[in-house]
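J.:
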Amino acid sequence: MLDPILIDTATFTREQQQLSGQLQLQALDRRVWSHELLAQRDGVIQYKVSGGIDRWQRPFIDISIEGELKLVCQRCLQAVSWTLNDQSRVVIFASEQLLDEAMAADETLEGMVWSAEYNLTALLEDQILMAIPVAPRHEDCDHTLATKTNQDAGNPFVKLAGLKSGH
Ligand SMILES: [Zn+2]
C-alpha cells in the first residue's frame, strides 16, 4: 500500500493548488489492479490534479489521468492495448442532499460530498475505474490472432475465432 497523499480540501481549492506525478498500477488498491478487464498488472498512471472554485462558488478538483494499459478483449479474450486518457471535474458539495439535487439537474455532473481532506490515491483510483471501458475490443481480432504463437491453441475462443476466419 502507498502512503496516502492527503489533500486539504479548503486550501487546495481556494489557492488553486496542483499536484502531479505518477503511480504504479500495482501500488494502487486491489479493486483497480484486480479488475476483471485488466490483462496485466503492470502499467504506470500519470496524473495531474488541480483545485479551484467555479463560477457558482463551488469548490472542485480537476483530475487528469493518462497511461497505457492492457485490457482483455471481450471478443477474443487476448490482451488489447488501451490508452487511458481521462479528464474529469469533480465538484464538491456541502451535503449529500445538495449533491443529489445538483446531479438530478445535470446528468453529466461528477460530484462528491465535502470532506476536510481527501486521499489523492483514492480519488485517482475512482477515476481509473470509471474510465475503463465496459467492453474493450481489438479493432481487428483476426489480425492479432494470426500474428501470435499457438500457445493459446487450447483456448476454445481462439479456435472459434480461427474457424470463423477460415484459418
Ligand atoms: Zn480481440
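Numbering-wise, our numbering comes out as the position in the sequence shown, counting from 1, plus 1.
Glycine residues also receive a C-beta, built at the ideal position from the N, C-alpha and C atoms.
None of these values were measured; they are calculated from a predicted model.
For residue 38, which residues from the same chain have a beta carbon less than 7 Å from its beta carbon, with the 5 sequence-adjacent residues on both sides left out?
T.: 72, 73, 133 and 137
J.: Could you give the residue range of the beta strand (DSSP E) that holds residue 90?
T.: 80-94
J.: Grab me the residues of residue 21's own chain with a C-beta within less than 8 Å of its C-beta, minus the 5 sequence neighbours each way, in chain order.
T.: 47, 48, 49 and 50
J.: State the beta-bridge partners of residue 70 as determined by DSSP.
T.: In the DSSP output, where bridge partners are listed per residue, residue 70 has 83.
J.: Please name the residue, chosen from 58, 126, 105 and 144, that lies closest to residue 33 on a Cα-to-Cα basis.
T.: 126
J.: Give me, in chain order, the residues of the same chain whose beta-carbon lies closer than 7 Å to that of residue 30; leave out the 5 immediate sequence neighbours on both sides.
T.: 126
J.: Using a Cβ distance threshold of 8 Å, determine whether the region 112-130 contacts the region 89-103, with at least three qualifying pairs required.
T.: The region 112-130 is in contact with the region 89-103.
J.: Which residue comes first and which comes last in the beta strand (DSSP E) that contains residue 46?
T.: 45-54
J.: Relative to the C-alpha of residue 76, which candidate in 15, 41 and 135 has its C-alpha closest?
T.: 135
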